[in-house]
Every structure is written in C-alpha cells, then in structure tokens.
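>
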Amino acid sequence: MFDFLKKKKKVDTKEVKAFDSAVRAIEVFIALSDWANAKKATDEILFKEKEALNKFLEKYDNENSTPEDKKKSEKERKSYKNKEEIIKKLKIKITKLEDKYVKIAEEERFKVRFTKIKSEIDSLIGTKKSLQAMNLLQKFLEENKENSIVIKFYNSQKKRIQKSIEKQRKEEQEKLKRNAKNEALQLIGETAKVDEEEEVVDNSFSSKLKSKLNFYKNLKENIRKKKLLDEINILIEEDSRINEELASRKLENIHRGLVKEINKYKMIGYDLYGKILGADKISGDTFGLEENSKNYKFFIGDATGHGIRAGFIITLINKLFKENYNKDLNEVAFEVNNGLKQDLKSRNFITSIFFEVNKENNDIGYIGMGHEPLFVYRKKENKVEKIIPGGLAAGIRIIKDKNDLKVKNIRLDDGDILLTYSDGLIENRSLEGEYYGIDKLEESFKMVCKYESNIKNIYEYLINDVKLFRGGSAFDDDVSIIILKRDSTKDIVNEKDLFIEDLKVKEKLDKTDLKRLKGKTKEEIEQELEVIRRKKETKRLVKTLENLYYTGEILKLKEEATRFIKDGYIDPKINFYLRKAIENEKAYRVEQKNQKMEIKYNILMELYKKGDYTAVIKEVEEIIAKDGNI
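If you read the sequence shown in my numbering, its first letter stands for residue 7, the second for the next number, and so on.
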C-alpha cells in the first residue's frame, strides 16, 4: 500500500569523482525519494563544474593562449553547457516527482485518518455515545472544509448520528415507563431517581441476548484497537521518509489508544492493578492484559531510549502480544521476541516479563526477558522474597526454538502480593543524588503490605514514597507498576464443596438458588446470596400485602406498601397492591362525599317543601362555593 515509502540508504558523496557518477548518485537519491539530498547534490555538482570551468579558462583562455588552447576552452564551455542542461532537467524532474510524492503521501495519510474517523464514529454510536460522535464529526469537517469527500461524509453521518440520538432519547423514555422503581416512587409521591439498583444477576432470555450483543460490541472495539496498532507499519516508514514531528504526533495518537491502567477486580482468584506514569506523551513503558476461557496473560515492558523509537517498540510489542496471547506462554514470548528482532534496528530492545495465571488452579507461570527483579510479599511470614526473572531482553537476538524459553512458576497463598515494575521507579534520585534503589523499594513494599491490603492503595503509597524521596519534583523517566494479590474469596467454588452444603442448610436454598451459585467465586456467591435473601423477603412482603387486600384493610395496605417501597423493596406486585389501595381509597372518599351530598339534598328538599326558599338558596350557594357542584 505504501510502496512509495522506501527505506533511505546512504550515498557516499566523497566517492563521486566524475560528473557521470554524480548524476548517477542523484538518480539514486531520486529513486529513494530523498529529495533534500537530491536537490543539494544538483546545486553542489553545478557549483563544482562552474568552478572547474573557471579554473580551466584561467589557464587556457588568456593573452598567451595558443589557437589549440582556444579550441580546448571552447570545447570545455560547450561541455559545461551540456552538463548544465542535464542538471536543469534533473531539477525539473526532482520538483515534479517530489510534488507527486507529497501529494500521494498526503492522500495516504488522509485515507488512514478517514478510516480511523469512520471506525471511531461507528464505535461511539455502537456504545451509545452519539454526542461524542457528533463532536468528532464536526471537528473532522473543520479540519477538511474544502474536501468534497469529507463534506459528503459529514452530511450522511450527521443524519445517522441524529437518528441515533433520537433513538436513544426514545429508549430512555421507554425505560422510564418500564422501570418499576420509578413507578413505585411516583405512586408514593416522590421524584423518580436516576440511580440504578445494585446489579442483579439475570439469566432471562433478554439478559442473555444483551450479553451476546455486548460481546459483539467488545469484539468490534478490539478489532478497532488492532487496526490502530497496525498503523505502526506506516509510522516506521514515515519515520524514515517524512519529518519526525509528523511521525511523533501520529505515535502520540496511537499511544493514547494503548492501555495505561489495569484495574481487574473481577479476576478469578486474584486482584490485579497496574498503572503507567509517563514522563513523555510517547511512553517507553507498557503493559497489557488479555484473557481467554483458560487463563489470564499479562506482561510489563520497558523499552530502551525515549521518544519515537521507544514508542515504536512499545507499539510493536503490544501488537505482537495481542496477536499471540491465545498461545502457550513460551510461544507468546517466542513470537514477541522474534517479531521485535525482525522489525527493530540493532541495539533497540525491550526488557519484559510475561505472566500467565491459570483460572482453574490459580498457578502463576512467568518468563523473564532481562527485566527488573520481582518482589513477593508473604503475608503469613511478613517477609518479602526477591525473584530474579532472568533471560535476555526481547529483540536482542532471534530465538530458534520456543522450547529454549522455560516457564518458571510462583505460588501465592491467600493474601500474598506480587510486585513488578520498570526501572524508572528505582532509578529516581534524591536532591542529594542518591538512588531510590531496589533495597529501599523492598523495604517500603514490605512496610505498606503489612498494614494495607488494598492493592490500589499500595500502589499510591509506593508512588508517593518515591515522590517524597525526590523532593516532590516530577519523574525523569516513565514509571510503571503492576501489583497482583492472591484472594481466595475469588476462587470458583465447586458444587460439592462443604461451603455450598453449609449455605444450603443455613439459607434454605432450593435447586434454583443453587443453580445461581454454580461457577461463582466466594465473593460473587455472597453477592448472589444478598439477591436471593432480598428476593425471598420481597415474596414475604407481597404475601403480607395480599392478605391485607383480601381482608379489606385498605388504609393499612397503603401504609405498608408505601413503607416497603421506601425501604427499597421494588416489585411490580407491590406496585399493584399500592395502586389498588389508592384506587379503593379514592372510591371510598367519593362514596363518603356522595353520602354527605345525599343527606344535604334531603334536608334542602324538606326546607323547599316548607317554602323556606331563602334558607335553601343560602345552603346551595355555600355548597357550590365549597365543592363546585351539588
């Protein structure tokens, strides 16, 4: 697609000893699209040829020149004119080809940008972020006001987004109508609140359908991210061809699409938290997390250098990891290493550790690639183990056999915490020039783990400790940390486990309840139990309201239904009995009013028959003034 973007080669202009060689050198520059050197070479050749002609004429074209000398001078002038004509033609050729190259490059960059914009708009509409999609579309139009393709695209997408906004508005209205909670609040005279109830596990057909739709949305988002990472192939070429600033801006856009924070609290058997603090917009640190039905895989990486080149390495390793994470761990590391080696120049590499957490037995496997030591806090012993991951950095050499990469194992007991990080953390210096270092990190890690169990708080403590050590100044390098904590409450509980048997007796669970607990962790089971308990209590309350309704205790029915709703028990049946109570109460009041009117009417008829018209008129006026009717 981008054949016109070819790698530059150096031409040794010192070896150009003759005009023909110089012209051939210019032709090479043109073939390589190296316009700056091509133009420079034409100017230098013309200057040297002019200088050579002048020197020749000084020697042979003077007062003492012989006829033979005159002939030589004339011949040299003609030769110079021919060379000058050749150079002029080359300059015209260079200008035309450069203009064509720039035009094609701009068109290709526009295609990439256009494709990306379309993909982002589709993604935003798909995730019901239509207003953001409209803002993005408007910005794209402002950047390309004169482009007829963009104007046409803008008009078509604007209609589409407006339809999506209108559809979302209608869906919200329908949701409000269907929402039992809002109905209940309206019945008891309170304003409908937007806050949602705690998430309830729903195994209905609609829930499963929604789950499938979400799966396809996530799949579409992953495809979009993959396309974003694939742009590295274009950027490597642009770094060689077009100016560095353009490549840098594009790379910044790609890095904004990469993961900068991992917060995996729903991980089976573990808590995981990681974050990158970048010293530059283009980060030299990275990590990634992917999962399948069998395991989780994640990695941390620290590329050599800074800026564009480090950014390329980071983008490449993320691309390679996403393409291979479903393979065995040693094959993942194998493919990443060899993929980096093939695409990177010499002396460019990345230190890394690749991890695999098995969902069934919670074993942790890892492969080190020249990265910093790991720390493991052992909760029972209150001590920290230092583990050297070993291995050579990724991208240094080609690995011929994947089996050369050995997977090592770490066992974490409940409450144990693993820490991995980039060298930017330990290479921070104090105002006196002292390094933070591995020993101080080990000491700080042990101290915070002793008193703190929340891994995000542990991360914040370590970062703040380094900041204080630096005297409050900003970090000089990228700083990355990943923390993994073993949490047995997140283990999947087996159906025959004693824990389940005890719950069955204690909570009086039936087959349907037990089915809801299948394949859940202890933490998730506790949440499910809350749902089950509330569901049973709601059934009991509905039965209470049913008894009140059939015994005719309407006032009591209204009081109890209102109280249940205020206590957070939302159910269509509770709403039903409250509506019935309100309807009966209204009917009762109408009946009472009618009875009073009947009594007044009879009294007025008696007065009328007696001829006391003044009293009748006075009473009727009072009734009309008060009730507006008789």
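For glycine and all other residues, C-beta sits at the position ideal for the given N, C-alpha and C.
(1) On the criterion of 16 or more Cβ atoms from any shown chain inside 10 Å, does arginine 492 qualify as buried, or is it exposed?
(2) What separation, rounded to the nearest whole angstrom, lies between the Cα atoms of isoleucine 155 and leucine 147?
(3) If you draw a straight line from the alpha carbon of isoleucine 560 to that of glutamate 534, how long is it in whole angstroms?
(4) Residues in the same chain with beta-carbon distance under 6 Å from glycine 376, minus the five sequence neighbours each way, listed in chain order, please.
(5) Helix, strand or coil: which one does DSSP assign to aspartate 573?
(6) For glycine 712, name the three-state secondary structure that DSSP assigns.
(7) Name the residue from Ile571, Ala593, Lys65 whose alpha carbon lies nearest to the alpha carbon of leucine 584.
(8) By the DSSP assignment, the alpha helix (DSSP H) with isoleucine 131 in it spans what residues?
(9) For isoleucine 553, tell me which candidate among Lys541, Met140, Glu566, Glu50 has the shortest Cα-Cα distance.
(10) Hey, is the stretch 580-599 in contact with the stretch 608-627, meaning 3+ C-beta pairs nearer than 8 Å?
(11) Is asparagine 269 near tyrosine 276, with beta carbons less than 8 Å apart?
(12) To the nearest angstrom, how far is the alpha carbon of asparagine 590 from that of lysine 517?
(13) Since I believe tyrosine 331 is in contact with lysine 365 (beta carbons under 8 Å), could you give me their beta-carbon distance rounded to a whole number of angstroms?
(14) Grab me the residues of threonine 426's own chain with a C-beta within less than 7 Å of its C-beta, minus the 5 sequence neighbours each way, in chain order.
(15) With C-beta atoms as the reference, is leucine 547 less than 8 Å away from tyrosine 575?
(16) What residue range is occupied by the uninterrupted alpha helix (DSSP H) comprising methionine 453?
(17) So, glutamate 296 versus lysine 347, is the Cβ gap smaller than 8 Å?
(18) Would you mind stating whether asparagine 298 and leucine 411 have Cβ atoms separated by less than 8 Å?
(19) For the stretch 444-458 and the stretch 506-513, state whether three or more C-beta atom pairs, one from each stretch, are separated by less than 8 Å.
(20) Identify which residue in Leu322, Ile469, Gly371 has its Cα closest to the Cα of glycine 401.
(21) For my contact list, valine 485 and glutamate 448 are in at a C-beta cut-off of 8 Å; report their separation, rounded to the angstrom.
(22) Bridge partners for aspartate 277 per DSSP, in chain order?
(23) If you reduce the DSSP assignment to three classes, tell me which class alanine 567 lands in.
(24) Given this structure, state the Cα-to-Cα distance separating proline 395 from isoleucine 423, to the nearest angstrom.
(25) What are the boundary residues of the beta strand (DSSP E) that includes tyrosine 372?
(26) Please list, in chain order, all residues of the same chain as asparagine 301 whose beta carbon is under 7 Å from its beta carbon, the five residues on each side excluded.
(27) So isoleucine 405 and asparagine 343 are supposed to be a Cβ contact under 8 Å. How far apart are they, rounded?
(28) What number of angstroms, rounded off, separates the C-alpha of phenylalanine 318 from the C-alpha of aspartate 429?
(29) What residues match up with glycine 2 in a beta bridge as DSSP calls it?
(30) Which word fits valine 413, buried or exposed, when buried means at least 16 other C-beta atoms lie within 10 angstroms of its C-beta?
(31) May I ask you to report which of helix, strand or coil DSSP gives aspartate 291?
(32) Distance check for serine 85 and isoleucine 51, CA to CA, integer angstroms please.
(33) By the DSSP assignment, the alpha helix (DSSP H) with glutamate 391 in it spans what residues?
(34) Could you tell me which whole alpha helix (DSSP H) segments of length 4 or greater appear in the stretch 517-571?
(35) Counting along the chain, where does the beta strand (DSSP E) carrying tyrosine 331 start and finish?
With the given structure in hand:
(1) Position 486 of the sequence shown, counted from the first residue, corresponds to residue 492. Buried, because 16 or more other Cβ atoms sit within 10 Å of the Cβ of arginine 492.
(2) In the sequence shown, the residue the question calls residue 155 occupies position 149. In the sequence shown, the residue the question calls residue 147 occupies position 141. Cα-Cα distance, rounded: 10 Å.
(3) Reading the sequence shown from its first residue, position 554 is the one you call residue 560. Reading the sequence shown from its first residue, position 528 is the one you call residue 534. Spanning the two alpha carbons is a distance of roughly 35 Å.
(4) Stepping through the sequence shown from its first residue, residue 376 is reached at position 370. If we look at glycine 376 and ignore the five residues flanking it on each side, its Cβ neighbours are Thr357, Gly397, Leu398, Ala399.
(5) If you number the sequence shown from 1, residue 573 lands on position 567. Coil at aspartate 573, not helix or strand.
(6) As shown, the chain starts at 7 and ends at 636. That puts residue 712 outside it, with no answer to give.
(7) Along the sequence shown, one-based indexing puts residue 584 at 578. For leucine 584, the nearest C-alpha among the options comes from Ile571.
(8) Within the sequence shown, residue 131 is the residue found at index 125, counting from 1. Unbroken alpha helix (DSSP H) run through isoleucine 131: 73-132.
(9) Start at 1 with the first residue of the sequence shown, and residue 553 comes out as number 547. The question names isoleucine, but residue 553 in the sequence shown is asparagine. The shortest C-alpha separation from asparagine 553 is found at Glu566.
(10) With fewer than three CB-CB distances shorter than 8 Å, the stretch 580-599 does not count as touching the stretch 608-627.
(11) Your numbering for residue 269 matches position 263 in the sequence shown. Your numbering for residue 276 matches position 270 in the sequence shown. Result no, Cβ atoms of asparagine 269 and tyrosine 276 do not sit closer than 8 Å.
(12) Looking up residue 590 in the sequence shown gives position 584. Looking up residue 517 in the sequence shown gives position 511. About 40 Å.
(13) Counting from one through the sequence shown, the residue named residue 365 turns up at place 359. Counting from one through the sequence shown, the residue named residue 331 turns up at place 325. Lysine 365 to tyrosine 331, Cβ: 14 Å. No contact.
(14) Position 420 of the sequence shown, counted from the first residue, corresponds to residue 426. Here the set comprises Ile306, Ile359, Leu380, Ile488.
(15) Counted from its first residue, the sequence shown places residue 547 at position 541. Counted from its first residue, the sequence shown places residue 575 at position 569. Cβ distance < 8 Å, so leucine 547 and tyrosine 575 count as in contact.
(16) Residue numbering aside, residue 453 sits at position 447 when the sequence shown is read from its first letter. It spans 443-457 - the alpha helix (DSSP H) in which methionine 453 sits, taken as one unbroken run.
(17) As a working mapping, residue 296 is identified with position 290 in the sequence shown. As a working mapping, residue 347 is identified with position 341 in the sequence shown. Their beta carbons are not under 8 Å apart, which means glutamate 296 does not touch lysine 347 by this criterion.
(18) As a first step, residue 298 must be located in the sequence shown, where it is residue number 292. As a first step, residue 411 must be located in the sequence shown, where it is residue number 405. No, Cβ-Cβ distance for asparagine 298 and leucine 411 is not below 8 Å.
(19) No: fewer than three Cβ pairs fall under 8 Å.
(20) Within the sequence shown, residue 401 is the residue found at index 395, counting from 1. Of Leu322, Ile469, Gly371, the smallest CA-CA separation from glycine 401 is found for Leu322.
(21) Mapped onto the sequence shown, residue 485 falls at position 479. Mapped onto the sequence shown, residue 448 falls at position 442. Contact flag wrong, Cβ pair sits at about 17 Å.
(22) Here residue 277 is taken as the residue at index 271 of the sequence shown, counted from 1. BP columns for aspartate 277 point to Lys491.
(23) Residue mapping note: residue 567 aligns to position 561 of the sequence shown, counting from 1. In this structure, alanine 567 counts as helix in the three-state DSSP scheme.
(24) Position 389 of the sequence shown holds residue 395. Position 417 of the sequence shown holds residue 423. Going from the Cα of proline 395 to the Cα of isoleucine 423 covers about 16 Å.
(25) Within the sequence shown, residue 372 is the residue found at index 366, counting from 1. Where tyrosine 372 is concerned, the enclosing beta strand (DSSP E) stretches over 370-375.
(26) Reading the sequence shown from its first residue, position 295 is the one you call residue 301. Only residues of its own chain outside the window of five on either side were considered, and among them Glu362, Val363, Asn364, Lys365 have a CB closer than 7 Å to the CB of asparagine 301, listed in chain order.
(27) Taking the sequence shown and counting its residues from 1, one reaches residue 405 at position 399. Taking the sequence shown and counting its residues from 1, one reaches residue 343 at position 337. Yes, isoleucine 405 and asparagine 343 are in contact; Cβ-Cβ is about 5 Å, under 8 Å.
(28) Here residue 318 refers to the residue found at position 312 of the sequence shown. Here residue 429 refers to the residue found at position 423 of the sequence shown. Their Cα atoms are separated by approximately 19 Å.
(29) Outside the shown range of the chain, which is 7 to 636, sits residue 2, and nothing can be said about it.
(30) On the sequence shown, position 407 is the one that residue 413 refers to. Exposed is the call here.
(31) Taking the sequence shown and counting its residues from 1, the one referred to as residue 291 is at position 285. The answer is strand: DSSP assigns aspartate 291 an E or B state.
(32) If you number the sequence shown from 1, residue 51 lands on position 45. If you number the sequence shown from 1, residue 85 lands on position 79. Straight-line spacing of the CA atoms in isoleucine 51 and serine 85 works out to 14 Å.
(33) Within the sequence shown, numbered from 1, the residue matching residue 391 stands at position 385. Counting along the chain, glutamate 391 falls outside any alpha helix (DSSP H), though it belongs to the beta strand (DSSP E) covering 389-393.
(34) 517-523, 528-556
(35) Along the sequence shown, one-based indexing puts residue 331 at 325. No beta strand (DSSP E) holds tyrosine 331; DSSP gives it neither H nor E.
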